[in-house]
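In what follows, a single structure is set out as structure tokens and then discussed.
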Ligand SMILES: NC(=O)c1ccc[n+]([C@@H]2O[C@H](COP(=O)([O-])OP(=O)(O)OC[C@H]3O[C@@H](n4cnc5c(N)ncnc54)[C@H](O)[C@@H]3O)[C@@H](O)[C@H]2O)c1
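Numbering (this note's numbering), first residue to last: 2 to 340.
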């Protein structure tokens, strides 16, 4: 007998930390956690099985298919935007090849169980692309179906995988005998930059905001790698996790799309720096611009329009910039770095 479970890939990442904790608390389900690296000790006790391995290892995927019946797959594993620019081929392998493999696992599972497997895919504002600042500023807060011209490997990977998910849900094997059956219930969110109190990001290009805050809380100097006026949307990690659990529990008939924008606040680097200084007046935060990373951020929208998520699955963030800092980030960071 195959054991009922849910699968989380990339489980030891920033988002995996929050998601494992939330799903463990909410659901009476067995979590199977897969990551290249061992899970942090605090998470190990919350999962049914921890697998240290690569999503590109086909024998591991087949083993999972043989041992478990997955109700849902949360496919978080990826190489993030900065890392992907340094290693584009590896990024394509993991971000596209790995996603294809997980989609095929979901199809196999959906086919044998006779019900579609829910598949969560975290996409990114990197799927958007502007040629320069003028175009970015003129566009303002953009909806899902415009300006999808990514100029980064990561953005290309994410956009293609959104399309793959849509294809697998609606058109997979449409010329075959199973042509009117749906094996996957694919749901995706395009996240803005995410700020967590528990983990410091690495290898992303929106990292300047969380890095600035963590450095200030630790009492370390920080050089922001983008200009003062640089603006993209952000949200807190608890809101990101809340969004994942909300879209995954929404009735299928309420969802008019497979991919949704969400956002909470969109401060410029300097506005955020000023807010950090209010809480950490001694913080030493300067600017040392890295032109190449700046160009990547300049190609991303200054904000997104998340009205579809608000309408369809009643998305509403708990944290704005003010209460996100006051009630969540600053108290938790002060506690974490108090020694
Ligand atoms: N953090 C953000 O600001 C943000 C924004 C938008 C989208 N996302 C997306 O959310 C997801 C999770 O992001 P995160 O912030 O937790 O990233 P992260 O880098 O902290 O975590 C990714 C995890 O995936 C694992 N991983 C990488 N390659 C793997 C492989 N081949 N096999 C198995 N595991 C592998 C890594 O070890 C890591 O633990 C990613 O898909 C990311 O693209 C994140």
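We put the CB at the ideal spot given by N, CA and C, even for glycine.
Could you have a look at residue i and say whether DSSP puts it in helix, strand or coil?
{"i": "residue 159", "result": "helix"}
{"i": "residue 36", "result": "strand"}
{"i": "residue 150", "result": "coil"}
{"i": "residue 266", "result": "strand"}
{"i": "residue 62", "result": "helix"}
{"i": "residue 56", "result": "coil"}
{"i": "residue 174", "result": "coil"}
{"i": "residue 243", "result": "helix"}
{"i": "residue 126", "result": "helix"}
{"i": "residue 221", "result": "coil"}
{"i": "residue 286", "result": "strand"}
{"i": "residue 338", "result": "coil"}
{"i": "residue 86", "result": "helix"}
{"i": "residue 273", "result": "helix"}
{"i": "residue 202", "result": "coil"}
{"i": "residue 291", "result": "coil"}
{"i": "residue 317", "result": "coil"}
{"i": "residue 252", "result": "coil"}
Would you mind working out which of the options sits nearest residue i, comparing C-alpha positions?
{"i": "residue 84", "options": "336, 297 and 332", "result": "297"}
{"i": "residue 210", "options": "231, 191, 176 and 146", "result": "231"}
{"i": "residue 30", "options": "201, 45, 37 and 8", "result": "8"}
{"i": "residue 329", "options": "197, 241 and 157", "result": "197"}
{"i": "residue 120", "options": "107, 252, 199 and 218", "result": "107"}
{"i": "residue 217", "options": "332, 90 and 44", "result": "332"}
{"i": "residue 204", "options": "86, 242, 325 and 11", "result": "86"}
{"i": "residue 55", "options": "42, 10 and 90", "result": "10"}
{"i": "residue 220", "options": "243, 168 and 278", "result": "278"}
{"i": "residue 105", "options": "225, 168, 145 and 133", "result": "168"}
{"i": "residue 109", "options": "71, 90, 133 and 146", "result": "71"}
{"i": "residue 152", "options": "295, 311, 132 and 335", "result": "132"}
{"i": "residue 287", "options": "160, 224 and 233", "result": "224"}
{"i": "residue 215", "options": "245, 36, 26 and 280", "result": "280"}
What does DSSP give as the partner residues of residue i in its beta bridges?
{"i": "residue 76", "result": "10"}
{"i": "residue 4", "result": "69"}
{"i": "residue 121", "result": "75 and 188"}
{"i": "residue 261", "result": "190"}
{"i": "residue 235", "result": "194 and 266"}
{"i": "residue 209", "result": "Paired residue(s): none; residue 209 is not in a bridge."}
{"i": "residue 50", "result": "33"}
{"i": "residue 304", "result": "142"}
Whole angstroms is fine: what's the gap from residue i's alpha carbon to residue j's?
{"i": "residue 135", "j": "residue 148", "result": "14 Å"}
{"i": "residue 23", "j": "residue 271", "result": "33 Å"}
{"i": "residue 130", "j": "residue 150", "result": "5 Å"}
{"i": "residue 266", "j": "residue 235", "result": "6 Å"}
{"i": "residue 49", "j": "residue 73", "result": "15 Å"}
{"i": "residue 228", "j": "residue 172", "result": "44 Å"}
{"i": "residue 301", "j": "residue 283", "result": "31 Å"}
{"i": "residue 208", "j": "residue 13", "result": "18 Å"}
{"i": "residue 138", "j": "residue 166", "result": "31 Å"}
{"i": "residue 66", "j": "residue 249", "result": "21 Å"}
{"i": "residue 317", "j": "residue 158", "result": "28 Å"}
{"i": "residue 114", "j": "residue 5", "result": "11 Å"}
{"i": "residue 140", "j": "residue 299", "result": "12 Å"}
{"i": "residue 176", "j": "residue 253", "result": "25 Å"}
{"i": "residue 322", "j": "residue 339", "result": "23 Å"}
{"i": "residue 44", "j": "residue 251", "result": "26 Å"}
Hey, would you say residue i sits closer than 8 Å to residue j, going by beta carbons?
{"i": "residue 88", "j": "residue 80", "result": "yes"}
{"i": "residue 102", "j": "residue 59", "result": "yes"}
{"i": "residue 128", "j": "residue 191", "result": "yes"}
{"i": "residue 77", "j": "residue 39", "result": "no"}
{"i": "residue 33", "j": "residue 47", "result": "no"}
{"i": "residue 111", "j": "residue 185", "result": "yes"}
{"i": "residue 201", "j": "residue 306", "result": "no"}
{"i": "residue 17", "j": "residue 239", "result": "no"}
{"i": "residue 222", "j": "residue 285", "result": "yes"}
{"i": "residue 237", "j": "residue 289", "result": "no"}
{"i": "residue 189", "j": "residue 259", "result": "yes"}
{"i": "residue 117", "j": "residue 183", "result": "yes"}
{"i": "residue 213", "j": "residue 273", "result": "yes"}
{"i": "residue 170", "j": "residue 92", "result": "no"}
{"i": "residue 293", "j": "residue 261", "result": "no"}
{"i": "residue 255", "j": "residue 313", "result": "yes"}
{"i": "residue 69", "j": "residue 3", "result": "yes"}
{"i": "residue 126", "j": "residue 15", "result": "no"}
{"i": "residue 326", "j": "residue 276", "result": "yes"}
{"i": "residue 94", "j": "residue 57", "result": "yes"}
Going by the C-beta, is residue i closer than 7 Å to any heavy atom of ligand 3?
{"i": "residue 99", "result": "Only ligand 1 can be found as ligands here, which leaves ligand 3 out of the picture."}
Say whether chain D places a C-beta atom closer than 8 Å to the C-beta of residue i.
{"i": "residue 93", "result": "Absent from the structure is chain D; it holds one protein chain and no more."}
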